[in-house]
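Sequential numbering from -17 applies to the sequence shown in our numbering.
By construction, the Cβ of each residue, glycine as well, lies at the ideal position given by its N, Cα and C atoms.
Here's the structure we're looking at; comments come further down.
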Amino acid sequence: MSESRSVSSSSDKRTSPVTFYRQVVAELRKVVWPTQQQLITYFLVVLVFVLVVMTIVSLLDLAFGKAVFAVFGE
């Protein structure tokens, strides 16, 4: 069996803030950023989804509230 090294052994060393900043910038350069059109599309999809879920939850709340008042009376 091969011996596997733990990742934590390499993270025992501390890096300087400058090195950390350089690594962060290097990683951010690898990110594929969405285009403006993709961003607008994603925003609209999330907005519609949230509105649909809000509507469902509101209707369920209304229905359960009416059911509770019908069972226990006012």
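CA-to-CA, the gap between glutamine 19 and glutamate 9 works out to about 24 Å. CA-CA distance, proline 16 to leucine 26, rounds to 14 Å. For proline 16, the secondary structure class from DSSP, reduced to helix, strand or coil, is coil.
Looking at the backbone, the Cα of alanine 49 and that of aspartate 43 are separated by about 10 Å.
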